[in-house]
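Engineer: In my numbering, the protein residues as written are 102 to 353. First the structure, which I've put down as structure tokens, then a few questions once you've had a look.
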């Protein structure tokens, strides 16, 4: 695919915001920006990241979609759904409706979709399987929706469960929910490989850390105290009682 003007919109939650990949002076970079930077070596890229930490599929539909459509993207990444599984308001039918609406609007606008199949986040937390199984069941439902979405609208997709980096601890932040800089680089590179297979001509993003903040246990601990622990606390209050009930029912 020849060089030219390329519009890229990134929609989703904290993974697309870039949490886990800090930059000097504050803020986050993340896989989407890394990918955009690599594309810029060959294309005139207009990059729009409308992702928001904590976003659900409904938030993407209500608060991100219009801005993304206004960007008139050629490429549109849609990575969301995990936060839906962590809430007591979990509603598979609403999730399906929201994701299909967003995907349809983006493709109708001329964008090539970039979507994922999620890995089992709960399995990485080191908790007893009886507690993480309920979350895994919800992730499976989200993946079924993404399968339907891909069958209906096509595009590119990445099966995270098949990426060896998912099992590499260095590719995860201290919370094991968000990629580290290495994890974000692995995501950017995997997407770049798929774009190259579609005819895009540009160099792959590098695998090694470059230009971000070096790893720091002090920064990791500070993040866990100020951001991570409160987040886990909110999710525990929201999802915990349901998970415990499911675990007790499964043990009977």
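Cβ atoms here follow ideal geometry from the backbone N, Cα and C, with glycine treated the same way. Bear in mind the structure is a predicted one, so any value in this text is a computation, not a measurement.
#1: For the stretch 248–257 and the stretch 210–224, state whether three or more C-beta atom pairs, one from each stretch, are separated by less than 8 Å.
#2: For residue 106, collect the residues of the same chain with a Cβ closer than 6 Å to its Cβ; drop the 5 residues on either side in sequence, then sort them by chain order.
#3: Below 8 Å, can you find three or more Cβ-Cβ pairs linking the stretch 273–282 to the stretch 290–302?
#4: Where does residue 156 sit, in a helix, a strand or coil, going by DSSP?
#5: Does the stretch 193–208 come into contact with the stretch 158–171, if we say contact requires no fewer than three beta-carbon pairs (one atom in each stretch) closer than 8 Å?
#6: So, for residue 355: in the same chain, excluding its five sequence neighbours on each side, which residues have a beta-carbon less than 6 Å away from its beta-carbon?
#7: Shortest alpha-carbon distance to residue 292 belongs to which of 192, 261, 126 and 160?
#8: By Cβ distance below 8 Å, which residues in the same chain neighbour residue 147 in space, the five residues on each side in sequence not counted?
#9: Cα-Cα, which of 197, 119, 170 and 177 is closest to residue 153?
#10: Which of the three DSSP states is assigned to residue 147 in this structure?
Structural biologist: Reading off the structure:
#1: Enough Cβ pairs lie closer than 8 Å, so yes.
#2: As a first step, residue 106 must be located in the chain shown, where it is residue number 5. Counting only Cβ-Cβ distances below 6 Å, and skipping sequence neighbours, we find 145.
#3: no
#4: Position 55 of the chain shown holds residue 156. In the structure shown, residue 156 sits in coil (DSSP, three-state: anything other than H, G, I, E or B).
#5: yes
#6: There is no way to answer for residue 355, as the model of the chain reaches only from 102 to 353.
#7: Along the chain shown, read from residue 1 onward, the residue named residue 292 stands at position 191. Selected option, being the one with the closest Cα: 261.
#8: Counted from its first residue, the chain shown places residue 147 at position 46. Cβ contact annotation for residue 147 (same chain, cutoff 8 Å, sequence separation greater than five): 106, 107, 108, 109 and 172, in chain order.
#9: Counting from 1 along the chain shown, the entry for residue 153 is found at position 52. Nearest of 197, 119, 170 and 177 to residue 153, Cα basis: 119.
#10: Here residue 147 is taken as the residue at index 46 of the chain shown, counted from 1. In the structure shown, residue 147 sits in a strand (DSSP, three-state: E or B).
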